[in-house]
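Structure first, then comments.
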Amino acid sequence: MKWQQALADYKMYLKIERGLSQNTINNYALDINKLIKHLEDNNIQESPLSISSEIVQQFIYEIAKKVNARSQSRIISGLRSFFNYLVFEDYIKTNPLELIESPKIGRKLPDTLSEEDINTIINAIDLSKPLGERNRAILETLYSCGLRVSELINLKISDLFFEEGFIKVTGKGDKQRFVPIVPETQKIINLYKNQVRVHDPIKEDFQDILFLNRRGKQLTRAMIFTIIKQLAEKVNLNKNISPHTFRHSFATHLLENGADLRAIQLMLGHESITTTEIYMHVDKSHLKDVMNTYHPRN
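Here the sequence shown is numbered in this note's numbering, starting from 8 and rising by one per residue.
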């Protein structure tokens with residue numbers, strides 16, 4: 008079996024059996040392609056069925072010179088998953104990464120913005136331009152609903168259930184959830200949708216997509232990053248922020264204001280509550296408030 012065939016089979020497994028999103032599958036494939044390139048660059052003829060632990064270890068040693076411990080750990084995890092699949096399918100007997108350990112990394116707390124930071128960024132949008140109304144609706148939706156950037160750009164008009172106070176979100180692995188949306192955000196979305204978007208040329212395949220670019224097509228993830236970076240520079244915000252920062256801020260502010268962790272998990276679409284629990288480490292003052300308010304001994 009050649010590398011590209013093994014990789015194609017693995018990607019199909021991730022899609023069909025694991026139900027992973029295309030973005031996640033692409034990230035897994037990227038790590039495996041780095042190993043393939045290493046083999047080609049060094050004229051190593053080993054196939055995925057015959058590669059040894061020593062060769063994989065040499066590859067990891069090389070990438071350790073170029074990337075930080077977190078990236079190195081992610082690549083090792085991706086490769087381990089790929090070779091576990093080959094073991095599962097009985098192509099190989101043992102995983103060549105079986106005895107290879109990932110570097111120790113600390114648990115990275117998510118970056119967050121204060122409510123004041125978020126208001127400053129949104130207020131910096133030039134609403135005299137049509138794209139201003141769109142960009143305000145984008146940031147309000149990111150923050151108010153805690154969406155991933157991929158969920159935002161795929162949001163459809165038919166996913167808006169404003170009378171019921173919800174939007175339908177398609178998350179990782181095409182899993183759907185309903186997220187509450189506050190009236191103020193509904194108002195801003197409707198302003199963009201009914202007064203700006205209707206005047207734009209819209210390509211046939213994108214009639215139902217909510218947020219569009221100037222050419223009437225779906226926005227890219229990169230475009231959302233660019234909008235946020237430009238606004239952060241405009242207000243001289245000395246923080247490295249991204250669309251995910253708004254999602255982190257959404258969860259953190261809910262927790263700080265007394266929201267239940269299980270409710271936050273459902274709104275974020277986390278499969279495991281352990282993923283949501285990272286927000287418990289952001290501001291421990293909330294835990295003290297909970298204790299003072301609810302503990303019977305207080």
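Glycine included, each C-beta is placed from N, C-alpha and C at the ideal position.
For clarity, every value in this text was computed on a predicted model and none was experimentally measured.
Between the CA atoms of F66 and N197 - distance to the nearest angstrom: Cα to Cα, the separation comes out at about 52 Å.
Provide the residue(s) that pair with V176 in DSSP beta bridges, ordered along the chain. Beta-bridge annotation (DSSP): V176 is paired with R184.
Tell me the DSSP secondary structure of I234 in three-state form. Note: I234 maps to helix in three-state DSSP.
Quick one: Cα of I209 to Cα of A131, how far? Roughly 27 Å separates the two Cα atoms.
Between L93 and L104, is the Cβ-Cβ spacing less than 8 Å? For L93 and L104, no; Cβs fall outside 8 Å.
Per DSSP, F168 forms a beta bridge with which residues? For F168, which the question treats as bridged, DSSP gives the partners F173.
Assuming A144 contacts I195 under a Cβ cut-off of 8 Å, what Cβ separation, rounded to an integer in Å, is found between them? Sure, about 5 Å apart at Cβ, within 8 Å.
Sub-8 Å separation of L146 and I129 beta-carbons: Going by C-beta atoms, L146 is nearer than 8 Å to I129.
Could you compute how far the alpha carbon of S57 sits from the alpha carbon of F232? Going from the Cα of S57 to the Cα of F232 covers about 41 Å.
What did DSSP end up calling L219 once you bin it into helix, strand or coil? Three-state result, L219: strand.
In terms of residue numbering, what span does the alpha helix (DSSP H) encompassing L275 cover? That run of the alpha helix (DSSP H) goes L268 to L275.
Report the residue from N50, E47 and I99 whose alpha carbon sits nearest the alpha carbon of S60. Check the Cα spacing between S60 and each of N50, E47 and I99: the tightest is with I99.
For G276, does the count of other Cβ atoms within 10 angstroms reach 16, so buried, or fall short, so exposed? By the neighbour-count criterion, in which a residue is buried when 16 or more other Cβ atoms sit within 10 angstroms of its Cβ, G276 is buried.
For the alpha helix (DSSP H) holding K136, just list the boundary residues, first then last. From DSSP, K136 is part of no alpha helix (DSSP H); its letter is neither H nor E.
Once the 5 residues before and after F89 are set aside, which same chain residues still bring their CB inside 6 Å of it? So the qualifying residues of the chain are Y17 and I39.
C-beta contact flag for I163 and L217 at 8 Å: Note that residue 163 corresponds to Lys in the displayed sequence, not to Ile. Contact: yes.
Nearest by alpha-carbon distance to W10: which of L21, S28 and K44 is it? Comparing Cα-Cα distances from W10 to each of L21, S28 and K44, the minimum goes to K44.
Using only alpha-carbon positions, find the residue among I107, D97, K73 and G265 that is nearest to I62. In this structure, I107 is the residue among I107, D97, K73 and G265 with its C-alpha nearest to the C-alpha of I62.
Entirely enclosed beta strand (DSSP E) segments - the segment 47–107, minimum 3 residues: Counting whole runs of 3 or more residues, the segment 47–107 contains no beta strand (DSSP E) stretch at all.
Measuring alpha carbon to alpha carbon, tell me which residue in R222, V242, D207 and E263 is nearest N126. For N126, the closest of R222, V242, D207 and E263 by C-alpha to C-alpha distance is V242.
Close beta carbons around K22, own chain, < 7 Å, minus the five adjacent residues each side: Non-local C-beta neighbours of K22 in its own chain, meaning closer than 7 Å and more than five positions away in sequence, comprise I32, ordered along the chain.
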